[in-house]
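Chemist: Can you read through this structure? Questions will come right after.
Residue numbers (this note's numbering): 1 to 206.
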(Lines of atoms letter the chains of each structure in order from A; the text may use other names.)
(Lines give C-alpha, C1' and ligand atoms only; values in the text may rest on other atoms or scores of the structure.)
Protein backbone atom coordinates (compact mmCIF):
# COMPACT_ATOMS: atom_id res chain seq x y z
CA UNK A 1 0.00 0.00 0.00
CA UNK A 2 1.34 3.42 -1.03
CA UNK A 3 -1.02 6.37 -0.74
CA UNK A 4 -0.03 9.48 -2.68
CA UNK A 5 -1.62 12.94 -2.61
CA UNK A 6 -2.42 14.78 -5.83
CA UNK A 7 -3.95 18.07 -7.00
CA UNK A 8 -6.94 17.67 -9.29
CA UNK A 9 -6.42 21.10 -10.88
CA UNK A 10 -2.77 20.44 -11.69
CA UNK A 11 -2.69 16.66 -12.13
CA UNK A 12 -6.27 15.66 -12.91
CA UNK A 13 -5.41 14.22 -16.32
CA UNK A 14 -2.38 12.33 -15.06
CA UNK A 15 -2.57 8.61 -15.80
CA UNK A 16 -2.22 6.46 -12.70
CA UNK A 17 -2.32 3.33 -14.88
CA UNK A 18 -3.28 2.53 -18.48
CA UNK A 19 -7.00 3.15 -17.80
CA UNK A 20 -7.34 5.42 -14.74
CA UNK A 21 -6.64 9.12 -14.24
CA UNK A 22 -6.27 11.13 -11.05
CA UNK A 23 -9.55 13.00 -11.51
CA UNK A 24 -11.56 9.77 -11.47
CA UNK A 25 -10.70 9.31 -7.78
CA UNK A 26 -11.51 12.91 -6.75
CA UNK A 27 -14.00 13.71 -3.99
CA UNK A 28 -17.42 14.82 -5.25
CA UNK A 29 -17.40 17.93 -3.06
CA UNK A 30 -15.02 19.65 -5.50
CA UNK A 31 -11.95 19.48 -3.28
CA UNK A 32 -8.68 19.90 -5.13
CA UNK A 33 -6.77 17.38 -3.01
CA UNK A 34 -7.17 13.70 -3.75
CA UNK A 35 -5.49 10.72 -2.10
CA UNK A 36 -4.97 7.55 -4.13
CA UNK A 37 -3.49 4.22 -3.11
CA UNK A 38 -1.37 2.72 -5.87
CA UNK A 39 -2.46 -0.77 -4.77
CA UNK A 40 -6.10 0.28 -5.30
CA UNK A 41 -5.33 1.39 -8.85
CA UNK A 42 -3.64 -1.95 -9.51
CA UNK A 43 -6.67 -3.78 -8.12
CA UNK A 44 -9.03 -1.85 -10.40
CA UNK A 45 -6.85 -2.72 -13.39
CA UNK A 46 -7.01 -6.39 -12.42
CA UNK A 47 -10.81 -6.26 -12.13
CA UNK A 48 -11.07 -4.45 -15.46
CA UNK A 49 -8.94 -7.10 -17.13
CA UNK A 50 -10.92 -9.94 -15.54
CA UNK A 51 -14.30 -8.47 -16.51
CA UNK A 52 -13.30 -7.29 -19.94
CA UNK A 53 -15.33 -4.12 -19.39
CA UNK A 54 -14.78 -0.51 -18.43
CA UNK A 55 -14.69 0.35 -14.71
CA UNK A 56 -16.55 3.45 -13.55
CA UNK A 57 -15.58 4.87 -10.15
CA UNK A 58 -18.72 6.17 -8.46
CA UNK A 59 -16.85 7.23 -5.32
CA UNK A 60 -13.12 7.27 -4.64
CA UNK A 61 -11.42 9.57 -2.17
CA UNK A 62 -13.66 11.46 0.29
CA UNK A 63 -12.90 14.37 2.55
CA UNK A 64 -14.06 13.97 6.15
CA UNK A 65 -16.82 16.55 5.64
CA UNK A 66 -18.14 14.90 2.49
CA UNK A 67 -17.94 11.44 4.03
CA UNK A 68 -20.06 12.61 6.96
CA UNK A 69 -22.54 14.27 4.59
CA UNK A 70 -23.15 11.05 2.66
CA UNK A 71 -23.37 8.91 5.78
CA UNK A 72 -20.07 7.10 5.32
CA UNK A 73 -18.51 5.06 8.11
CA UNK A 74 -16.52 7.09 10.62
CA UNK A 75 -13.29 5.34 9.72
CA UNK A 76 -14.15 4.75 6.07
CA UNK A 77 -11.36 3.58 3.79
CA UNK A 78 -12.48 6.31 1.38
CA UNK A 79 -10.95 8.85 3.78
CA UNK A 80 -7.53 7.32 3.23
CA UNK A 81 -7.76 7.00 -0.53
CA UNK A 82 -7.74 3.21 -0.32
CA UNK A 83 -11.34 2.54 -1.45
CA UNK A 84 -13.54 2.84 -4.51
CA UNK A 85 -17.20 2.15 -5.20
CA UNK A 86 -17.30 0.86 -8.75
CA UNK A 87 -19.57 -0.26 -11.57
CA UNK A 88 -18.16 -2.53 -14.27
CA UNK A 89 -19.67 -2.61 -17.74
CA UNK A 90 -21.29 -5.99 -18.44
CA UNK A 91 -20.79 -7.36 -14.91
CA UNK A 92 -23.20 -7.48 -11.96
CA UNK A 93 -22.11 -6.16 -8.55
CA UNK A 94 -21.95 -9.75 -7.31
CA UNK A 95 -19.71 -10.87 -10.16
CA UNK A 96 -17.42 -7.89 -9.55
CA UNK A 97 -17.26 -8.88 -5.89
CA UNK A 98 -16.28 -12.41 -6.88
CA UNK A 99 -13.55 -11.11 -9.16
CA UNK A 100 -12.27 -8.83 -6.41
CA UNK A 101 -12.26 -11.80 -4.04
CA UNK A 102 -9.96 -13.67 -6.39
CA UNK A 103 -7.65 -10.65 -6.72
CA UNK A 104 -7.51 -9.65 -3.04
CA UNK A 105 -7.27 -13.05 -1.40
CA UNK A 106 -6.77 -12.80 2.35
CA UNK A 107 -6.88 -9.02 2.72
CA UNK A 108 -8.87 -5.98 1.62
CA UNK A 109 -12.54 -5.10 1.84
CA UNK A 110 -15.37 -6.09 -0.51
CA UNK A 111 -18.96 -4.98 -0.13
CA UNK A 112 -21.65 -5.94 -2.64
CA UNK A 113 -24.53 -3.44 -3.01
CA UNK A 114 -27.56 -3.42 -5.28
CA UNK A 115 -26.02 -1.22 -7.95
CA UNK A 116 -22.28 -1.13 -7.25
CA UNK A 117 -19.41 -2.90 -5.54
CA UNK A 118 -17.13 -1.46 -2.86
CA UNK A 119 -13.48 -2.54 -2.93
CA UNK A 120 -10.61 -1.40 -0.73
CA UNK A 121 -7.03 -2.33 0.06
CA UNK A 122 -7.06 -2.37 3.87
CA UNK A 123 -4.55 -4.67 5.52
CA UNK A 124 -7.13 -6.90 7.18
CA UNK A 125 -10.01 -8.79 5.56
CA UNK A 126 -13.64 -7.62 5.49
CA UNK A 127 -16.58 -8.91 3.43
CA UNK A 128 -20.19 -7.77 3.56
CA UNK A 129 -23.49 -7.92 1.66
CA UNK A 130 -25.55 -4.73 1.50
CA UNK A 131 -27.96 -5.69 -1.26
CA UNK A 132 -30.92 -5.89 1.12
CA UNK A 133 -30.22 -2.37 2.41
CA UNK A 134 -28.83 -3.80 5.65
CA UNK A 135 -25.17 -4.70 6.06
CA UNK A 136 -24.63 -8.41 6.60
CA UNK A 137 -21.15 -9.81 7.23
CA UNK A 138 -20.25 -12.73 4.98
CA UNK A 139 -17.29 -15.09 4.88
CA UNK A 140 -16.36 -14.14 1.35
CA UNK A 141 -17.37 -13.92 -2.30
CA UNK A 142 -16.03 -17.09 -3.97
CA UNK A 143 -17.16 -18.41 -7.33
CA UNK A 144 -14.96 -16.83 -9.98
CA UNK A 145 -11.82 -18.22 -11.58
CA UNK A 146 -9.93 -16.82 -14.56
CA UNK A 147 -10.28 -18.73 -17.79
CA UNK A 148 -7.19 -20.77 -18.52
CA UNK A 149 -5.51 -19.76 -21.74
CA UNK A 150 -5.13 -22.78 -24.02
CA UNK A 151 -1.56 -23.95 -24.51
CA UNK A 152 -1.13 -24.53 -28.23
CA UNK A 153 0.98 -27.50 -29.36
CA UNK A 154 2.17 -25.82 -32.55
CA UNK A 155 5.97 -25.81 -32.24
CA UNK A 156 7.58 -28.70 -34.14
CA UNK A 157 10.93 -30.24 -33.34
CA UNK A 158 13.79 -28.88 -35.42
CA UNK A 159 13.90 -31.94 -37.70
CA UNK A 160 10.17 -31.64 -38.46
CA UNK A 161 9.89 -27.91 -39.09
CA UNK A 162 10.06 -28.14 -42.89
CA UNK A 163 7.66 -31.07 -43.06
CA UNK A 164 5.08 -29.43 -40.78
CA UNK A 165 5.24 -26.18 -42.75
CA UNK A 166 4.72 -28.12 -45.98
CA UNK A 167 1.78 -30.10 -44.55
CA UNK A 168 0.05 -26.96 -43.28
CA UNK A 169 0.68 -25.06 -46.52
CA UNK A 170 -0.75 -27.87 -48.63
CA UNK A 171 -3.81 -28.47 -46.48
CA UNK A 172 -2.80 -31.85 -45.10
CA UNK A 173 -2.69 -30.68 -41.50
CA UNK A 174 -5.33 -28.46 -39.95
CA UNK A 175 -5.58 -27.09 -36.44
CA UNK A 176 -8.66 -27.45 -34.28
CA UNK A 177 -11.12 -24.63 -33.54
CA UNK A 178 -8.53 -23.02 -31.25
CA UNK A 179 -5.83 -23.25 -33.91
CA UNK A 180 -3.99 -26.07 -32.12
CA UNK A 181 -2.10 -28.45 -34.46
CA UNK A 182 -1.54 -30.90 -31.56
CA UNK A 183 1.84 -31.86 -33.00
CA UNK A 184 2.97 -33.99 -30.06
CA UNK A 185 -0.31 -35.91 -29.74
CA UNK A 186 -0.75 -39.49 -31.01
CA UNK A 187 -2.63 -39.98 -34.29
CA UNK A 188 -5.73 -42.19 -34.45
CA UNK A 189 -6.49 -44.44 -37.43
CA UNK A 190 -9.26 -42.06 -38.45
CA UNK A 191 -6.94 -39.07 -38.41
CA UNK A 192 -4.33 -41.00 -40.39
CA UNK A 193 -6.90 -41.93 -43.03
CA UNK A 194 -8.03 -38.32 -43.31
CA UNK A 195 -4.42 -37.19 -43.84
CA UNK A 196 -3.88 -39.92 -46.49
CA UNK A 197 -7.10 -38.92 -48.22
CA UNK A 198 -6.01 -35.29 -48.32
CA UNK A 199 -2.63 -36.38 -49.67
CA UNK A 200 -4.29 -38.39 -52.44
CA UNK A 201 -6.38 -35.38 -53.47
CA UNK A 202 -3.22 -33.26 -53.45
CA UNK A 203 -1.49 -35.80 -55.74
CA UNK A 204 -4.40 -35.75 -58.19
CA UNK A 205 -4.28 -31.97 -58.35
CA UNK A 206 -0.58 -31.84 -59.09
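All residues carry an ideal CB built from backbone N, CA and C; glycine is no exception.
Here the structure is a predicted model, which means the values were calculated and not measured.
1) If you reduce the DSSP assignment to three classes, tell me which class residue 197 lands in.
2) Within the same chain, show all residues whose beta-carbon is closer than 6 Å to that of residue 114, passing over the 5 residues directly before and after it, in chain order.
3) Does the segment 54-68 come close enough to the segment 79-95 to have 3 or more Cβ pairs within less than 8 Å?
4) My assumption, with CB atoms under 8 Å, is that residue 61 sits in contact with residue 36. Please give the rounded CB distance.
5) On the three-pair Cβ rule with 8 Å, is the segment 142-149 touching the segment 164-173?
6) Going by alpha carbons, who is nearest to residue 208 out of 79, 201, 48?
7) Taking just the CA atoms, how far does residue 204 sit from residue 148?
8) Going along the chain, which residues of its own chain have a beta-carbon closer than 8 Å to the beta-carbon of residue 21, five neighbours each way excluded?
9) Going by alpha carbons, who is nearest to residue 99 out of 77, 187, 46, 24?
10) Cβ of residue 8 within 8 Å of Cβ of residue 23?
11) Hey, quick one: how far does the alpha helix (DSSP H) through residue 43 stretch, first residue to last?
12) Using only the alpha-carbon positions, how far apart do residue 136 and residue 126 sit?
13) Assuming residue 111 and residue 118 make a contact with CB atoms under 8 Å, what is their CB distance in whole Å?
14) Residue 128 by DSSP, collapsed to three states: which one?
15) Rounded to the nearest angstrom, what separates residue 184 and residue 121 at their Cα positions?
16) Measuring CB to CB, does residue 34 end up less than 8 Å from residue 6?
17) Roughly how many angstroms separate the alpha carbons of residue 82 and residue 152, rounded to a whole number?
Modeler: With the structure as the only source:
1) As a first step, residue 197 is located in the chain shown; it is residue number 197 there, counting from the start. Reduced to three states, the DSSP call for residue 197 is helix.
2) On the chain shown, position 114 is the one that residue 114 refers to. Excluding sequence neighbours, residue 114 sits near 131.
3) yes
4) Residue 61 sits at position 61 when you count from the first residue of the chain shown. Residue 36 sits at position 36 when you count from the first residue of the chain shown. So it is a contact: roughly 7 Å between Cβ atoms.
5) no
6) Given a span of 1 to 206 for the chain in the structure shown, any question on residue 208 remains unanswerable.
7) The sequence position of residue 148 within the chain shown is 148, counting from 1. The sequence position of residue 204 within the chain shown is 204, counting from 1. For residue 148 and residue 204, the distance between alpha carbons rounds to 43 Å.
8) As a working note, residue 21 is residue 21 in the chain shown. Same-chain partners within the cutoff: 12, 13, 14, 15.
9) Numbered from its first residue, the chain shown carries residue 99 at position 99. With distances taken between Cα atoms, residue 99 lies closest to 46.
10) Here residue 8 corresponds to residue number 8 of the chain shown, with the count starting at 1. Here residue 23 corresponds to residue number 23 of the chain shown, with the count starting at 1. A contact, by the Cβ cut-off of 8 Å.
11) For the purposes of this step, residue 43 is taken as the residue at position 43 of the chain shown. It spans 38-51 - the alpha helix (DSSP H) in which residue 43 sits, taken as one unbroken run.
12) As a position in the chain shown, residue 136 is number 136, starting the count at 1. As a position in the chain shown, residue 126 is number 126, starting the count at 1. Their backbone Cα atoms lie some 11 Å apart in a straight line.
13) Translated into the one-based positions of the chain shown, residue 111 becomes position 111. Translated into the one-based positions of the chain shown, residue 118 becomes position 118. 4 Å between Cβ atoms; contact.
14) Translated into the one-based positions of the chain shown, residue 128 becomes position 128. Three-state result, residue 128: strand.
15) Taking the chain shown and counting its residues from 1, one reaches residue 184 at position 184. Taking the chain shown and counting its residues from 1, one reaches residue 121 at position 121. Distance between the alpha carbons of residue 184 and residue 121: 45 Å.
16) The sequence position of residue 34 within the chain shown is 34, counting from 1. The sequence position of residue 6 within the chain shown is 6, counting from 1. Yes; because the gap between Cβ atoms is below 8 Å, this pair is in contact.
17) One-based indexing of the chain shown puts residue 82 at position 82. One-based indexing of the chain shown puts residue 152 at position 152. So the alpha carbons of these two residues sit roughly 40 Å apart.
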